[in-house]
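**Q**
Chains as they are written, first to last, in my numbering: chain D, 10 to 334; chain P, 14 to 317.
#1: Can you name, in chain order, every residue of its own chain whose Cβ lies under 7 Å from the Cβ of residue 103 of chain D, other than the five neighbours on each side?
#2: Mind the definition here: the stretch 237-249 of chain P touches the stretch 157-167 of chain P only if three or more C-beta pairs lie below 8 Å; say whether that holds.
#3: Compare the C-beta of residue 106 of chain P with all C-beta atoms of chain D and state if any pair is closer than 8 Å.
#4: Against residue 229 of chain D, what residues of chain P qualify as contacts under a CB-to-CB distance less than 9 Å, listed in chain order?
#5: Confirm the yes/no value for this check: CB of residue 172 of chain D, any heavy atom of the ligand GTP, distance under 7 Å.
#6: On a CA-only basis, which of D:176, D:183, D:140, D:203 is nearest residue 163 of chain D? Give me that one, please.
#7: Determine the DSSP secondary structure at residue 219 of chain P, reduced to helix, strand or coil.
#8: Could you tell me which chain P residues have their CB closer than 8 Å to the CB of residue 255 of chain D, listed as they occur along the chain?
#9: Count the other CB atoms within 10 Å of the CB of residue 103 of chain P; is the residue buried (16 or more) or exposed (fewer)?
#10: So, does the CB of residue 97 of chain P fall closer than 8 Å to a CB anywhere in chain D?
#11: Do residue 88 of chain P and residue 275 of chain P have their C-beta atoms within less than 8 Å of each other?
#12: Going by DSSP in three states, residue 61 of chain D sits in which element: helix, strand or coil?
#13: With distances taken between CB atoms, is the gap from residue 71 of chain D to residue 17 of chain D smaller than 8 Å?
#14: List the residues of chain B whose Cβ lies closer than 8 Å to the Cβ of residue 103 of chain P, in chain order.
#15: Quick check: residue 51 of chain P and residue 105 of chain P, are their CB atoms within less than 8 Å of each other?
#16: 8 Å is my cut-off, CB to CB: does residue 305 of chain P come that close to chain D?
#17: Could you check whether the Cβ of residue 49 of chain P sits closer than 8 Å to any Cβ belonging to chain D?
#18: Between D:183, D:21, D:269, which lies nearest to residue 123 of chain D when the distance is taken from Cα to Cα?
#19: Do you know how far the Cα of residue 127 of chain P is from the Cα of residue 56 of chain P?
#20: So which residues on chain P does residue 234 of chain D lean against when the C-beta distance must stay under 9 Å?
#21: Consider the Cβ of residue 70 of chain P: report whether some Cβ of chain D lies at a distance smaller than 8 Å.
#22: Would you say residue 173 of chain P and residue 202 of chain P are within 8 Å of each other, going by their C-beta atoms?
#23: Note the first and the last residue of the continuous beta strand (DSSP E) segment covering residue 201 of chain P.
#24: Nearest by alpha-carbon distance to residue 235 of chain D: which of D:138, D:282, D:203, D:215 is it?
#25: Kindly provide the ranges of any alpha helix (DSSP H) runs that are 4 or more residues long and lie completely inside the stretch 152-188 of chain P, ordered along the chain.
#26: To the nearest angstrom, how far is the alpha carbon of residue 70 of chain P from that of residue 40 of chain D?
#27: For residue 59 of chain P, tell me which candidate among P:119, P:253, P:205 has the shortest Cα-Cα distance.
#28: Show which residues of chain D have a CB atom less than 7 Å away from the CB atom of residue 110 of chain P.
#29: Counting only beta-carbon atoms, is residue 100 of chain P nearer than 8 Å to chain D?
#30: What residues match up with residue 52 of chain D in a beta bridge as DSSP calls it?
#31: With H, G and I counted as helix, E and B as strand and the rest as coil, what does DSSP make of residue 23 of chain P?
#32: With a CB to CB cut of under 6 Å and the five nearest residues on each side skipped, what residues in its chain are close to residue 292 of chain D?
#33: Residue 41 of chain P lies in the alpha helix (DSSP H); which residues open and close that run?
#34: Suppose you measure from the CA of residue 78 of chain D to the CA of residue 44 of chain D; what does that come to, to the nearest Å?
#35: Taking the alpha helix (DSSP H) that residue 20 of chain D falls in, what are its first and last residues?
#36: Given a threshold of 16 other Cβ atoms within 10 Å of its Cβ, counted over all protein chains shown, does residue 249 of chain D qualify as buried or as exposed?
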């Protein structure tokens, strides 16, 4: 079982500034799953408790000279503490930038010192048992730094299979996805909504409506965002429905089979919005087929490319409580 | 399907407000604990919200009709209903998006006697709410505030200074004595409990703190600290920022009236220079009043 790669400048930037802070908010411990083509951060995929989040990076998004081998079809997975990973990366970046700063104009060509990341087994101090680590190594101008981030034992073959199966299942995209244009506004709203109730109904229609509602015995509070961009199955709003209240429009859309409603915890919903920290290029909400879960998909494009090629997909799934078709 | 066709008659009130944050500020200023029941009274002059506590403290927020950009009142008499203040404020707060003007429409009653709120500034995004109302409780005692004598006993102090003084008195706690004396013209807050603390506002020394002062006889009353604190505990930051004053008046029997002014003016974000003429129109102020009963064991000599 071997893994060795060099983190690109862009990869360092993506992880340090955008993804690790956002993923850390989802939960401190996650699985890091490495395959021949992808590096994937996964939250709660095996125990299925709480929010599931999947951040899938194409290897080119983070690494160059990426080498992986294992007897399990070149797949390696382990769990890792994101805050430790973040700390290690931050500290090593100082040395790294010191070096690259003195070689400006050197271009992107391979230099003698780059930020290497690899899996190692080491004997930690005061221990007889070698332990697995994810190691960062860079040589600065005057110094070399090695950071060892402790990780779990690699997952067994059956656990990796299970992880892959859960991942495959999560790849089933909802039939209708709506794009939320202003995540700030949504986050602001949900943060304030938290005070009013614990459960939130989320409805998504083929007309491009996203309807959020909290309802308790004392109060109903909702927000409806209309005319959002729809990906997948879409439909025209029936003429008679245009001037109805948000609630009746959603109700009729559900009856017609044009919308699905799920109920999730407000806390989870607010947490998912933290992914916004990773500054995605766009965000989509959808409800998985059969109402299996509410899915949020954040897309990130390669910067500077005219054709918008996705480099990272971050998916968040919620377990739902009640689902209405 | 149009619901207006079924509706038997126009609702008692439909009004629109373009500064939700101002209303949140005004209502928050009478929110001194988590669960508070409020009574809302509607009239052709505006909306009054009343909260009280254990017959010793009452607060009123006056939202005059001039604060609203639209105010259509069509009720007979003065409809009253009860709501949970905390829920109402939290709910209103979701309508307020910072850095943007937010217009909401308030309607009472809805089909099931609810208080209905909805945002009306965007066609493609709408926030709405229905708050269940109650039949209001009786107001437990009469807060008829009468002047103590021929000249009013009152002083006006910078709201920030008043809040600071009352916050400082937390340490001695329990009961706070307020003394007004004509010579030298001054106001004293004195707390005795775990220790003694006395805070003096001298009229001629601190004219920028104590802005106005009227007193022709020495008076002294004691008030429960927690009630005094309720009058300033949630003064909105806009009041402090606008450098406003609060007026305190002592009426017959030592009843203390505390008045604050909270701006509900539309924030002039876009053109601060051009807008300076319309800056803080006086009509765009919400009036907040607290009535605090003095402690029973006070010597009533003052009043005879």
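Cβ atoms here follow ideal geometry from the backbone N, Cα and C, with glycine treated the same way.
Every value quoted in this text rests on a predicted model; they were computed, and no experiment measured them.
**A** So, from the listed chains and residues:
#1: Taking the first residue of the first chain as position 1, residue 103 of chain D is located at position 94. Here the set comprises nothing.
#2: no
#3: For this step, residue 106 of chain P is matched to residue 93 along the second chain. Yes - at least one Cβ of chain D is within 8 Å of the one on residue 106 of chain P.
#4: The residue labelled residue 229 of chain D in the question sits at position 220 within the first chain. Per Cβ cutoff of 9 Å: 127, 141, 142, 143, 144, 145.
#5: This structure lacks the ligand GTP, and indeed carries no ligand of any kind.
#6: Sequence index remark: in the first chain, residue 163 of chain D carries index 154 (1-based). Checked all of D:176, D:183, D:140, D:203; the closest Cα to residue 163 of chain D is D:140.
#7: Residue numbering aside, residue 219 of chain P sits at position 206 when the second chain is read from its first letter. Coil.
#8: Indexing the first chain from 1 puts residue 255 of chain D at position 246. Chain P residues near residue 255 of chain D: 139, 141.
#9: On the second chain, residue 103 of chain P is found 90 positions in, with the first residue counted as 1. With 16 or more Cβ atoms within 10 Å of its Cβ, residue 103 of chain P is classed as buried.
#10: For the purposes of this step, residue 97 of chain P is identified with residue 84 of the second chain, where counting begins at 1. Interface residue, yes.
#11: Start at 1 with the first residue of the second chain, and residue 88 of chain P comes out as number 75. Start at 1 with the first residue of the second chain, and residue 275 of chain P comes out as number 262. Going by C-beta atoms, residue 88 of chain P is not nearer than 8 Å to residue 275 of chain P.
#12: Indexing the first chain from 1 puts residue 61 of chain D at position 52. Correct three-state label for residue 61 of chain D: strand.
#13: Numbered from its first residue, the first chain carries residue 71 of chain D at position 62. Numbered from its first residue, the first chain carries residue 17 of chain D at position 8. The answer is yes: Cβ separation under 8 Å.
#14: Any reference to chain B falls outside this structure, whose protein chains are D and P.
#15: Locating residue 51 of chain P in the second chain gives position 38, where the first residue counts as 1. Locating residue 105 of chain P in the second chain gives position 92, where the first residue counts as 1. It is not a contact, given that the beta carbons lie outside the stated cut-off.
#16: Start at 1 with the first residue of the second chain, and residue 305 of chain P comes out as number 292. No, residue 305 of chain P lies away from the interface with chain D (no Cβ there is under 8 Å from its Cβ).
#17: As a working mapping, residue 49 of chain P is identified with position 36 in the second chain. Answer no: the Cβ-Cβ gap between residue 49 of chain P and chain D never drops below 8 Å.
#18: The residue given as residue 123 of chain D occupies position 114 in the first chain. For residue 123 of chain D, the nearest C-alpha among the options comes from D:21.
#19: For the purposes of this step, residue 56 of chain P is taken as residue 43 along the second chain, with counting starting at 1. For the purposes of this step, residue 127 of chain P is taken as residue 114 along the second chain, with counting starting at 1. Between residue 56 of chain P and residue 127 of chain P, the C-alpha separation is close to 17 Å.
#20: In the first chain, counting from the first residue as 1, residue 234 of chain D sits at position 225. 137, 138, 139, listed in chain order.
#21: Counting from 1 along the second chain, the entry for residue 70 of chain P is found at position 57. Output row for residue 70 of chain P: interface = no.
#22: Along the second chain, read from residue 1 onward, the residue named residue 173 of chain P stands at position 160. Along the second chain, read from residue 1 onward, the residue named residue 202 of chain P stands at position 189. Result no, Cβ atoms of residue 173 of chain P and residue 202 of chain P do not sit closer than 8 Å.
#23: Taking the second chain and counting its residues from 1, one reaches residue 201 of chain P at position 188. Residues 199-205.
#24: The residue you call residue 235 of chain D lines up with position 226 of the first chain. That would be D:215, whose Cα lies nearest to the Cα of residue 235 of chain D.
#25: 172-181
#26: The count along the second chain starts at 1 and reaches residue 70 of chain P at position 57. The count along the first chain starts at 1 and reaches residue 40 of chain D at position 31. Roughly 57 Å between the two C-alpha positions.
#27: Residue 59 of chain P sits at position 46 when you count from the first residue of the second chain. The shortest C-alpha separation from residue 59 of chain P is found at P:119.
#28: Stepping through the second chain from its first residue, residue 110 of chain P is reached at position 97. Those within 7 Å of residue 110 of chain P in chain D are 194, 197.
#29: Looking up residue 100 of chain P in the second chain gives position 87. True, the Cβ-Cβ gap to chain D drops below 8 Å.
#30: In the first chain, the residue the question calls residue 52 of chain D occupies position 43. For residue 52 of chain D, which the question treats as bridged, DSSP gives the partners D:62.
#31: As a position in the second chain, residue 23 of chain P is number 10, starting the count at 1. Here residue 23 of chain P sits in coil by DSSP.
#32: Locating residue 292 of chain D in the first chain gives position 283, counting from the first residue. Result list for residue 292 of chain D: 189, 192, 307, in chain order.
#33: Start at 1 with the first residue of the second chain, and residue 41 of chain P comes out as number 28. Looking at the DSSP string, the run of the alpha helix (DSSP H) that includes residue 41 of chain P is 33-41.
#34: Here residue 78 of chain D is taken as the residue at index 69 of the first chain, counted from 1. Here residue 44 of chain D is taken as the residue at index 35 of the first chain, counted from 1. Approximately 9 Å, taken between the alpha carbons.
#35: The residue you call residue 20 of chain D lines up with position 11 of the first chain. Unbroken alpha helix (DSSP H) run through residue 20 of chain D: 18-22.
#36: Your numbering for residue 249 of chain D matches position 240 in the first chain. Residue 249 of chain D comes out exposed.
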